[in-house]
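In my numbering, the protein residues as written are 1154 to 1318. By construction, the Cβ of each residue, glycine as well, lies at the ideal position given by its N, Cα and C atoms.
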């Protein structure tokens, strides 16, 4: 497989060939910009925290609260970390509480609105489902019905961005 399609590993060869052809013709970026013209306004860590909590409240009211949601410039996209979720025990006197954090790669500050939503939905789903299994993806699709297409298009966008640099 071509290293230029590393974000698309695991997809069928015919699909990879289509993406490769669009890239070779210089049309992948244009196609994505036409399909996803709206860039979001969620630029600050505070607005990302509010945006994430709004989605959580709408779809996962019983999920535990989040302590931190922020953009993180240190996330390594190459290592497939578009976002992360962490759980860490936190001692407060005699009580032991779980601290929950979501970090989103800072390149998503400039991403189409749908791609940011896909990443946030993915990380929120990890509050209830730790593994990428059937239940996890069912929860993702509950929160965002077009989740699978958005995940694929986000991977195409990452591929295009990297090739354009």
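Ranked by how close their Cα comes to the Cα of residue 1163, the residues 1305, 1198, 1253 and 1318 have 1305 in first place. Between residue 1274 and residue 1201, the gap from beta carbon to beta carbon reaches 8 Å or more. Spatial neighbours of residue 1263 in its own chain (CB-CB distance under 8 Å, excluding positions within 5 residues in sequence) are listed in chain order as 1192.
When DSSP states are grouped into helix, strand and coil, residue 1177 belongs to the helix group. Separation of residue 1176 and residue 1261 (C-alpha to C-alpha, rounded to the nearest whole angstrom) is 21 Å.
For residue 1223, there is no enclosing alpha helix (DSSP H); the residue is found in the beta strand (DSSP E) stretching over 1221-1225. A direct Cα-to-Cα measurement between residue 1168 and residue 1208 gives close to 31 Å. Here residue 1222 has 1201, 1202, 1205 and 1255 as same chain residues with Cβ atoms under 6 Å from its own Cβ, once five neighbours each way along the sequence are excluded. Looking at the DSSP output, residue 1265 sits in a beta bridge with 1192.
For residue 1194 and residue 1272, the gap between their C-alpha atoms comes out near 15 Å. For residue 1278, the secondary structure class from DSSP, reduced to helix, strand or coil, is helix. Under the three-state reduction of DSSP, residue 1258 is assigned to strand. With distances taken between CA atoms, residue 1303 lies nearest to 1189 out of 1286, 1220, 1189 and 1287. A residue is called buried once 16 or more other Cβ atoms fall within 10 Å of its Cβ, and residue 1270 is buried on that count.
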